[in-house]
Structures are given as C-alpha cells and as structure tokens.
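Numbering (this note's numbering), first residue to last: 29 to 216.
Glycine included, C-beta positions come from ideal geometry on N, C-alpha and C.
In what follows, a structure is listed as structure tokens, so that the remarks can point back to it.
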C-alpha cells in the first residue's frame, strides 16, 4: 500500500445494485489497499453479491432494493463493529480509481480531518467523464450542500470518500436514497 501506513486498518465499503458487470474488478483491485472489502448488495437481481463474494468481498444483502442511503447505513453499521481505523466508500460502477485509496486516506492519516470527499471536478480529465447534464445537477447540489454545511467542497455527490472510523459513530443518518451524500456532509 504505497503511501499508506501498513499499521492502519482500512475497510472498503461498496454499496451495489445490479453491478455484476463491474463489481469483481473493483473488489479485486480494492483488496490491494485494505484489510477487507464489504459489499452491500442492495437487492440486486443480477448476481452482484455472488460475484463480489467470489472476488473476495464479505457480503451484506438486502432482500429488496432499499436505496443507496440504506446500503451505506448498512455498511456503516458493519464498519462500526470492525477493528479498523479508516472506512473508504467506493461506488460500484467502476467510476472511481481504487489506486487513489492511498491519496484519499492521507489527510486522515495526517490527523488533518475526519472525513475526505473525492471529486470528479479537480482535473479536466476527470470532469470530462461526467455528462454535462449531470455536471450541472452535481454542481448545483454541491453549492447548496456547501451553504448548508458551511463548507467548500467541489463534488458533494461523490461516493468516493474516506472516514475516520470514530466519525461514523457521530453520524445519525436518516436518508435512504441519494440525499444521504449531502446529509453526511451536513452532519459530519
């Protein structure tokens, strides 16, 4: 784990719904940067959970699709019971580069912050991967989240995040859908 202290225990958590196409590669690649990968299969009907398990992940399964926020809350509850220092979340569609895990955990390892949010808008190459209509929506939501959270981040809807484990216990989350991304920033 280049750039990561091997004494730090990192758990990678991946909420997933019908991502059989991408999940195996994400799990296999993420395992190089953490002590364990946990996938919450949120009611998938395409064998996402089974594929993730065969790639080396521990699986939590919702019998029906409960939403992104519900899957994240399940993963956070699991993380609270694990002997880890840092929890990293990744989306299951392959849009995040797992090789960036050492970068996203660095500010936590330095003791600078408790939560780090990745961004698709820091470099031109990254921002070109997001369709214009989504960029507009994401940037609008980010402006509102920054106002509500008194913060200045560039991509409030990014699922690539790192959390100091004890920060999770301070989050009392209610949202079951995509709004959880903003709720976390407001409550963190």
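1) Just grab the DSSP bridge partners of residue 64 for me.
2) Taking 7 Å as the cut-off, decide whether the C-beta atoms of residue 74 and residue 46 are in contact.
3) Three or more beta-carbon pairs under 8 Å between the region 57 to 67 and the region 85 to 92, yes or no?
4) Return the bridge partner residues of residue 145 from the DSSP annotation.
5) Is the separation between the beta-carbon of residue 115 and that of residue 107 shorter than 7 Å?
6) Can you check whether the CB of residue 43 is closer than 7 Å to the CB of residue 80?
7) Alpha carbon to alpha carbon, how far is residue 112 from residue 193? Give it in angstroms, no decimals.
8) Using only CA atoms, which one of 56, 143, 196 and 211 lies nearest to residue 120?
9) Grab me the residues of residue 97's own chain with a C-beta within less than 6 Å of its C-beta, minus the 5 sequence neighbours each way, in chain order.
10) My understanding is that residue 61 touches residue 126, with C-beta atoms under 8 Å, so please give their C-beta distance in whole angstroms.
11) Output yes or no for whether 7 Å exceeds the beta carbon distance between residue 186 and residue 139.
12) Would you mind sorting residue 72 into buried or exposed? The rule is 16 or more other CB atoms within 10 Å of its CB.
13) Using only CA atoms, which one of 37, 76, 63 and 38 lies nearest to residue 53?
14) Suppose only complete runs of 4+ residues qualify. What are the alpha helix (DSSP H) ranges in the region 75 to 154, listed by chain order?
Let's see:
1) Its beta-bridge partners are 39.
2) In this structure, the beta-carbon distance from residue 74 to residue 46 falls below 7 Å.
3) Contact check between the region 57 to 67 and the region 85 to 92: three or more CB pairs, one atom from each, fall below 8 Å, which counts as touching.
4) Residue 145 pairs with 189.
5) Yes, Cβ-Cβ distance for residue 115 and residue 107 is below 7 Å.
6) In this structure, residue 43 does not lie closer than 7 Å to residue 80 by Cβ.
7) Using only the alpha carbons, I get a separation of about 7 Å.
8) Answer by Cα proximity: 56.
9) Excluding residues within five positions, the ones whose Cβ falls inside 6 Å are 203, 204, 205 and 208.
10) Contact holds; Cβ gap of about 6 Å.
11) Result no, Cβ atoms of residue 186 and residue 139 do not sit closer than 7 Å.
12) Burial state of residue 72 is buried, judged by a 10 Å Cβ sphere holding 16 or more other Cβ atoms.
13) Each of 37, 76, 63 and 38 was checked against the Cα of residue 53, and the nearest Cα belongs to 76.
14) Listed in chain order, they are 76 to 82, 96 to 109 and 129 to 137.
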